[in-house]
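Numbering (this note's numbering), first residue to last: 52 to 456. Structure first, commentary second.
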Amino acid sequence: MTDVLRRGRASLAFSFFTQGATFALLVTRIPAIQDRYGVSDALLPVFLAAVPILAGVGSVTTEQLVKRIRPSRLLRWSQPVVMLALLGVGAGGQMAGLAVSLAVFGLAVGALDASMNMLGVSLQRTYGRSIMLSFHAAYSLGGILGASLAWVGAHWHLALWVSYLPVVAVLLPAALVGSRWYVDGEPAPVADGESAAGGGGVVFKLLLPLCLVMSFAYIGDSTVSNWSAKYLKDVLGSSEQLATVPYNVYMVTTLVGRAIGDFGVRRFGAVTVVRLGALVAAAGFVVVAVAPGAWVGMAGFTLLGLGLCVLVPQTFAAAGRLFPGASDAAIARLNIFNYVGFLIGSPLVGALGDAWSYRGAMLVPMVLVLVTLVYARSFATRSDRYGGGHERPRTADVGRASNGL
């Protein structure tokens with residue numbers, strides 16, 4: 052049974068890695084996609100907004116589907132759809148084709164994100180200790196690989212389909228093979244007389260603090276991904292080449308923070324780790340806002356990576372603890388606020404930057420991240436569930452291996 056757990060964990064980590072690479076290949080080649088299809092600057096935001104909106108629809112749909120279909124099966128088939136949709140984006144020639152490919156990508160990625168995190172939370176419950184950050188570390192590693200491959204494609208002026216096809220050709224069959232070892236965990240047992248918070252239903256009022264934290268974290272993340280290069284170049288006076296560095300540094304520090312974050316949760320507890328992450332991220336925004344030059348600004352983005360990286364994985368894990376009998380439904384609903392934050396973050400900073408100043412705009416996500424401190428108690432564990440006292444012995448119940456079904 053230990054081998055089943057290990058294979059399940061490794062295969063799920065590879066799924067996170069694959070999704071990180073796939074998503075990075077899409078978002079880092081947006082200028083090339085715009086040029087290929089002749090998408091105007093006025094129309095581009097419509098296309099970009101459609102993806103997270105449809106991903107939210109996909110996440111909502113997943114909540115209903117997992118009542119009848121195992122999350123492992125949804126993940127097994129949604130991941131290839133996402134990769135094929137990426138290939139469609141690169142290979143198409145008409146704007147209508149781009150719209151269809153992005154629509155399919157958005158719907159499938161909502162199901163993919165939700166089902167991946169459902170399996171991650173259930174597997175963490177089975178392990179009886181914090182491992183959720185390690186899955187998101189694999190996502191960050193995939194993101195670094197995808198962004199690096201996108202840079203190679205842009206540097207050598209490769210056609211989009213030439214950049215995408217080798218990645219899809221390698222990762223898609225590997226993900227399908229790995230999906231044979233996904234593990235579907237069983238819902239946690241519910242104590243007699245326990246409230247709906249731990250029973251079979253999801254009370255949105257109780258989930259709301261985690262939804263807000265998820266949105267605030269992604270507002271911060273989208274600020275870095277969409278505005279770091281422009282900020283360094285236009286506000287801090289860096290060269291165009293140097294302006295590409297902050298996001299890469301951010302991704303690397305995100306990987307480092309997530310790689311060691313589980314050890315922090317096991318030693319100090321989720322509440323302490325989340326509070327520290329929020330404070331470090333807020334400090335990063337302050338450094339960026341007051342930076343006199345590019346190198347200090349990059350130091351601020353480094354702090355942002357170290358701080359923000361823990362919030363999203365721990366928010367999913369907290370939802371699983373809060374609703375042990377309905378963790379899949381809670382995660383599907385929580386996942387929607389991933390896309391809410393992504394939709395709000397970039398336009399918010401851009402509007403404030405144009406109307407006020409980009410330095411001042413950086414203080415708004417700082418304040419939102421600090422609000423996480425108010426809701427930190429929502430991340431607390433309970434002694435009668437996994438993680439109480441930070442850990443419990445590993446359980447022998449490994450749930451249901453998908454066995455290719």
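The C-beta atom is built at its ideal place from N, Cα and C for all residues, glycine as well.
Nearest to residue i by alpha carbon, out of the options?
| i | options | result |
| --- | --- | --- |
| residue 85 | 69, 149 and 128 | 149 |
| residue 279 | 421, 336, 233 and 257 | 336 |
| residue 357 | 394, 305 and 349 | 305 |
| residue 267 | 409, 399, 420 and 216 | 420 |
| residue 83 | 134, 118, 63 and 144 | 144 |
| residue 282 | 134, 411, 140 and 231 | 411 |
| residue 154 | 190, 105 and 178 | 105 |
| residue 355 | 290, 432, 276 and 377 | 276 |
| residue 152 | 101, 196, 118 and 417 | 101 |
| residue 65 | 113, 228 and 161 | 228 |
| residue 140 | 103, 125, 179 and 76 | 76 |
| residue 193 | 302, 425 and 344 | 302 |
| residue 177 | 327, 274, 236 and 342 | 236 |
| residue 109 | 409, 158 and 352 | 158 |
State the start and end residues of the unbroken alpha helix (DSSP H) segment that holds residue i.
| i | result |
| --- | --- |
| residue 263 | 255-281 |
| residue 411 | 409-412 |
| residue 339 | 321-341 |
| residue 79 | Neither: residue 79 is in no alpha helix (DSSP H) and is coded neither H nor E. |
| residue 215 | 211-229 |
| residue 145 | Per DSSP, residue 145 belongs to no alpha helix (DSSP H) and is neither H nor E. |
| residue 458 | Here the chain comprises residues numbered 52 to 456, so residue 458 is not present and cannot be evaluated. |
| residue 289 | That residue, residue 289, is in no alpha helix (DSSP H); it is neither H nor E in DSSP. |
If contacts are defined as beta-carbon pairs under 8 Å, then residue i and residue j qualify, I think. What distance do you get, rounded to the angstrom?
| i | j | result |
| --- | --- | --- |
| residue 359 | residue 285 | Not really, about 23 Å apart at Cβ, beyond 8 Å. |
| residue 167 | residue 292 | Not really, about 35 Å apart at Cβ, beyond 8 Å. |
| residue 123 | residue 200 | The pair is not a contact, with the Cβ atoms about 28 Å apart (cut-off 8 Å). |
| residue 253 | residue 430 | About 17 Å separates the two Cβ atoms, so there is no contact after all. |
| residue 312 | residue 184 | 4 Å |
| residue 88 | residue 138 | Not really, about 15 Å apart at Cβ, beyond 8 Å. |
| residue 181 | residue 316 | 4 Å |
Which term fits residue i, buried or exposed, when burial requires 16 or more other beta carbons within 10 angstroms of its beta carbon?
| i | result |
| --- | --- |
| residue 116 | buried |
| residue 73 | buried |
| residue 96 | exposed |
| residue 270 | buried |
| residue 203 | exposed |
| residue 187 | buried |
| residue 332 | buried |
| residue 164 | buried |
| residue 434 | For residue 434, the predicted structure reports a pLDDT of 47, less than 50, and the residue's modelled location is therefore unreliable. The matter cannot be settled from this model. |
ask   = Per the contact definition of three or more C-beta pairs closer than 8 Å, is the region 145-163 in contact with the region 214-233?
value = no
Worksheet item: Should the region 308-328 be regarded as contacting the region 354-369, the criterion being three or more beta carbon pairs within less than 8 Å?
Response: yes
Check whether the region 257-267 touches the region 367-387, counting contact only when three or more Cβ pairs, one atom from each stretch, lie closer than 8 Å. yes
* If we count Cβ pairs, one from each stretch, closer than 8 Å, do we get three or more for the region 392-405 versus the region 127-138? -> no
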